[in-house]
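Asks: First the structure, which I've put down as structure tokens, then a few questions once you've had a look.
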Amino acid sequence: MQKHSKIHETSFPNNSSPSIIRSRISQSTLSNLTPTDYIKHSAITASTLTRDSISVSVPMHLKRSEVSRSTIENACARRSHIEDSSLKNVRSAQFLKAKNSRIESAASLRRCKLVNSSVGEKSSISRSEATDSVIVGSSVSRSDVVRGRVFRCRLKRATLKDCEVTNCIVVNSKFKGVVLKNGVWKNDKFVGSLGDDEEEEAVAVTADGHKLDLPVQNHNGKDRDTWTRELASESEASDFSDSDNEEESYQPTKNEKAKQIREEKYHDNPPPYTP
127 MQKHSKIHET SFPNNSSPSI IRSRISQSTL SNLTPTDYIK HSAITASTLT
177 RDSISVSVPM HLKRSEVSRS TIENACARRS HIEDSSLKNV RSAQFLKAKN
227 SRIESAASLR RCKLVNSSVG EKSSISRSEA TDSVIVGSSV SRSDVVRGRV
277 FRCRLKRATL KDCEVTNCIV VNSKFKGVVL KNGVWKNDKF VGSLGDDEEE
327 EAVAVTADGH KLDLPVQNHN GKDRDTWTRE LASESEASDF SDSDNEEESY
377 QPTKNEKAKQ IREEKYHDNP PPYTP
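In terms of this note's numbering, the sequence shown opens at residue 127 and continues consecutively.
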């Protein structure tokens, strides 16, 4: 079903049955879509949306999203703005702003902004911004990453600029131009190591290799599993307190309300009666 949509130079395969509502699609190809797939309140330009007909574990739903010159495959996006980007195998993207970015096999993206960045390997990003950065296999919450490389880390209320961080937990800390490995940093202090042996000891050096003399905080003998559990518990509690349902908590602006009323009046009212 297509409702109030403009479709230009678009190819629909025989096995597709998309539901498109109030959308504009131009120079795009939709492949292997199922009757349960839908696109709603969306403007899609020069884009490719595909779905693996064999693997249907990840649904494709686009709702009130703007997609331009992008590729969407096996992804769910709601209230998102995606430009010159690629989303593949993304289970959930809500209130996402992505530009010139590549996102693949991410677990969750919520209220985040990505510019010229790459996200992958089941990373989860919430209420954060990443610019000119690479985030792989990490959980990022309420953090800013600029020109950074983050691998297998947990960041919460962290600010990283020109940093490379690997296998670390960083909480309430700000770093610039450093390399961090195998450690736990909280409130700008080193509090513990995540390494299993001497070869994986915590590292904190500048970009040119000089060791950082950072303050040390007593970690009371906590190991990696303890730190991970505590941080995960804090993150879950924080996320729950923010909003259990982002869609329901969203409050549109006055302009958005007026636009929605105009659209509903124009699209949904029946034609005038003519005898």
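Ideal placement from N, C-alpha and C gives every residue a C-beta, glycine not left out. This structure is a prediction, so every number in the text was calculated from the model and none was measured.
(1) Would you kindly report the start and end of the unbroken beta strand (DSSP E) that includes asparagine 200?
(2) On the DSSP letters alone, give me the boundaries of the beta strand (DSSP E) that arginine 236 sits inside.
(3) If you draw a straight line from the C-alpha of lysine 300 to the C-alpha of aspartate 258, how long is it?
(4) Identify which residue in Asp270, Gly318 and Arg273 has its Cα closest to the Cα of asparagine 293.
(5) Apart from the five residues just before and just after asparagine 308, which ones in its own chain have a Cβ nearer than 8 Å to its Cβ?
(6) Contact check, arginine 268 vs serine 254 under 8 Å by CB: the rounded distance?
(7) Could you have a look at glutamate 230 and say whether DSSP puts it in helix, strand or coil?
(8) Output the distance between the C-alpha atoms of histidine 336 and lysine 302, rounded to the nearest integer angstrom.
(9) On the premise that alanine 284 lies in contact with valine 272, defined as a C-beta separation below 8 Å, what is that separation, rounded to the nearest angstrom?
(10) Closest to alanine 117 by CA distance: which of Ser218, Val304 and Arg278 is it?
(11) Can you tell me the Cα-Cα spacing of glutamate 192 and lysine 312, whole angstroms?
(12) When the distance is taken between beta carbons, is valine 310 closer than 8 Å to threonine 332?
(13) Can you list, in chain order, the stretches of the beta strand (DSSP E) that have 3 or more residues and sit fully within the segment 241 to 296?
(14) In chain order, what residues of the same chain have a beta carbon less than 6 Å from the beta carbon of leucine 213, not counting five sequence neighbours either side?
Replies: Once the coordinates are examined:
(1) Against the sequence shown, residue 200 aligns to sequence position 74. 197 to 204 is the extent of the beta strand (DSSP E) around asparagine 200.
(2) Along the sequence shown, one-based indexing puts residue 236 at 110. Per DSSP, arginine 236 belongs to the beta strand (DSSP E) from 234 to 236.
(3) One-based indexing of the sequence shown puts residue 300 at position 174. One-based indexing of the sequence shown puts residue 258 at position 132. Rounded to the nearest angstrom, the two C-alpha atoms are 18 Å apart.
(4) Counting from one through the sequence shown, the residue named residue 293 turns up at place 167. Cα-wise, what sits closest to asparagine 293 is Gly318.
(5) The residue you call residue 308 lines up with position 182 of the sequence shown. Excluding residues within five positions, the ones whose Cβ falls inside 8 Å are Thr292, Asn293, Cys294, Ser319, Leu320, Gly321, Glu326, Glu327, Ala328 and Val329.
(6) Indexing the sequence shown from 1 puts residue 268 at position 142. Indexing the sequence shown from 1 puts residue 254 at position 128. About 6 Å; that satisfies the 8 Å criterion.
(7) In the sequence shown, the residue the question calls residue 230 occupies position 104. Strand at glutamate 230.
(8) Residue 336 sits at position 210 when you count from the first residue of the sequence shown. Residue 302 sits at position 176 when you count from the first residue of the sequence shown. Whole-angstrom Cα-Cα distance: 14 Å.
(9) Taking the first residue of the sequence shown as 1, we reach residue 272 at position 146. Taking the first residue of the sequence shown as 1, we reach residue 284 at position 158. Valine 272 to alanine 284, Cβ: 12 Å. No contact.
(10) Outside the displayed span of the chain (127 to 401) sits residue 117, for which this structure offers no information.
(11) The residue you call residue 192 lines up with position 66 of the sequence shown. The residue you call residue 312 lines up with position 186 of the sequence shown. Rounded to whole angstroms, glutamate 192 to lysine 312 spans 38 Å at the Cα level.
(12) As a first step, residue 332 is located in the sequence shown; it is residue number 206 there, counting from the start. As a first step, residue 310 is located in the sequence shown; it is residue number 184 there, counting from the start. Not a contact, by the Cβ cut-off of 8 Å.
(13) 244 to 246, 250 to 252, 255 to 257, 260 to 262, 265 to 267, 270 to 272, 275 to 277, 280 to 282, 285 to 287 and 290 to 292
(14) The count along the sequence shown starts at 1 and reaches residue 213 at position 87. Same-chain partners within the cutoff: Ile198, Ala201 and Ile229.
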